[in-house]
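Since the structure comes first, as structure tokens, the remarks are kept for the end.
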Amino acid sequence: MTQLVRAFAIAGGLNERRKHPRFIREGSDMPKHLIDRKSTANRQPPLAHNARAGVSMARDTVACDDGLALAGGLIAGTRVATDMGWLPVEELRAGDRVATFDNGMRPLRAVHVSSLHTDIAGAPRSVWPLSLPAGALGNRSALRVLPGQAVLIESDAAEALFGDAFTLVPAAVLDGHNGIAPVEPDHEISIVTLVFDGAEVIYVDGTLLAQCGGEGAAAGYPRLSEAQGRQLIVAMDAPPYPRG
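In terms of UniProt numbering, the sequence shown has 185 at position 185, counting the first letter as 1, and numbering is strictly consecutive.
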């Protein structure tokens, strides 16, 4: 596939999902307009100090023993694809345009920042973030994700089991897949939740795909339960899965 078509897939979206460019499955680099760039000198400081007029921004604190600990959100330091290149999620603010899987560049309606306080002696393993080695899901470098963050996976097994090659699963079910494992948090975690007009799937650190910005499933993708997600991962890890 040509670089031009690859660029279109990210900048403009591609409706034929099962014919999505091979770079999604192979994890090759993003187009040139999404390469690393330094933030411009006149970019505003980080989120908590830069709410634009008429937009929503919040900062909350949650504890690891409440239900919010498993909510979706990206851990500070995670890089996402924007029209200004790859930027740490904590640098984004309402109005910035983020590259989405289905709908091209979409502006952020709001950004919410939370602090997840973790008690090392008592934090249950179920709320630990998961460590993804470089390349585990198309991510170019090692990173961490919350167990409740929905990620979009493409696989032949998903199409055979659930009727769609693309499915959303909670990151918790990835434990053991491609070296992914929970890690005990050793400090307070800052979580950034990106809000769009509706649910969107965005590019994270390469071709890792994460859902942000709304309830339910983005673009009609099946959203699997934890049990279904684990069933899918078992099928994906059982070589070889026959093609239909």
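Quick reminder that beta carbons are idealized off the backbone N, C-alpha and C, glycines included.
All of these numbers come straight from a predicted model, not from anything done at the bench.
Neighbour-count burial assignment, residue i, 16 or more Cβ in a 10 Å radius
i	result
H177	buried
V113	buried
G179	exposed
A9	A caution first: A9 carries a pLDDT of 38, below 50, which makes its placement in the model too unreliable to give a value.
P107	exposed
A48	Residue placement at A48 is flagged as unreliable, the pLDDT there being 34, under the threshold of 50; a coordinate-derived value is accordingly withheld.
D197	exposed
T100	buried
Residue nearest to residue i in terms of C-alpha spacing, selected from the options
i	options	result
G163	I153, P147 and P222	P222
L232	L174, N103 and G138	L174
W86	M236, V98, I75 and G198	V98
L208	G95, A134 and V183	A134
I75	M84, P88 and S225	P88
P139	I153, G104 and L161	Sequence check: residue 139 is Asn here, not Pro. Closest by alpha carbon: I153.
M105	S126, V80 and V127	V80
Inter-residue CB distance, residue i and residue j (contact presumed, cutoff 8 Å)
i	j	result
A181	P147	Not a contact, Cβ separation roughly 12 Å.
P129	V145	6 Å
L143	D205	6 Å
T82	D96	6 Å
Start-to-end residues for the alpha helix (DSSP H) that takes in residue i
i	result
E159	D156 to F162
I180	Careful: I180 lies outside any alpha helix (DSSP H) and carries neither H nor E.
Residue i: first and last residue of the uninterrupted beta strand (DSSP E) it sits in
i	result
M84	Segment: none, M84 is in no beta strand (DSSP E) and carries neither H nor E.
R106	G104 to P107
L232	L232 -> not in any beta strand (DSSP E); alpha helix (DSSP H) instead, spanning E226 to M236.
Q211	L208 to C212
A99	R97 to T100
E91	Note, E91: premise wrong, no beta strand (DSSP E); not H, not E.
Proximity below 7 Å, CB of residue i to CB of residue j
i	j	result
E90	V192	yes
V195	G213	yes
A150	E159	no
L116	I189	yes
A136	A110	no
S131	M236	no
V169	G229	yes
A218	A199	yes
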